[in-house]
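Written below as structure tokens is the structure these notes are about.
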Amino acid sequence: MDYQKITEYLLDKDGSNRDINFTPAVYENVGLLIRLLFADYQKGNFFDQDGVEIEFDSKAVCSLFERDAGFICGYFESETALIKKLQLFLDWPEEDLCAVELSFFPGDLQSDFKIELFLTKLNIWWNALQANEVFVRYENASWEWYDPNDLGVFYHQIRA
């Protein structure tokens, strides 16, 4: 793993955001990730698939998993977090599984950014989800879901 290249890709201010995608996870594990994020971030704003604002509270967000299918989008914000502004996208079209995407712009990384801290945080989130795979990529509308060979993917791990 070339930490220097990964750092270069994360910090590249090309105008696009970076996406962290996980293969779908069970709701219980997504709830754990949400609680971890709420512990790190003090502000944010969330909406469901109908555009209804969701209270900035982990229980309020997780309660939406009681629906058969749904979508949540929003963002977290903190001046002290590794990623100062982090967008969250959750989509559960299937029973018991939820797709998770975290997105950010390179300028939202702390000025003293260290790749080791980023990978540690990424692994905490990945372990919480217990997802099979994690991808970090340049945002690319033509990305084939969960394709590690796509041109935009610069970090990919598979759970052993």
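Residue numbering for the sequence shown follows this note's numbering, starting at 21 and increasing by one per position. Just so it is clear, CB atoms sit at the ideal spot from N, CA and C, and this is done for glycine as well.
Boundaries of the alpha helix (DSSP H) harbouring S83: S78 to S83, taken from the DSSP string.
For the pair F42 and W145, the CB atoms are nearer than the 9 Å cut-off. For L122, the uninterrupted beta strand (DSSP E) segment begins and ends at L117 to F124. Beta bridge pairing from DSSP links V173 with R157.
Taking each of E99, I92, P113 and G64 in turn and checking the Cα distance to G127, the smallest one comes out for E99. At a Cβ-Cβ threshold of 9 Å, V46 and C82 do not count as neighbours. Excluding its 5 nearest sequence neighbours in each direction, P168 has C-beta neighbours in its own chain below 7 Å: F155 and H176, listed in chain order.
Distance check between D88 and each of E75, F96, K141 and E114 places E114 closest, using alpha-carbon atoms only. F138 has no beta-bridge partner at all, per DSSP. Residue nearest to A148 within the set I74, I26, K25 and L56 is L56 (criterion: CA-CA distance).
For I54, the uninterrupted alpha helix (DSSP H) segment begins and ends at Y47 to D60.
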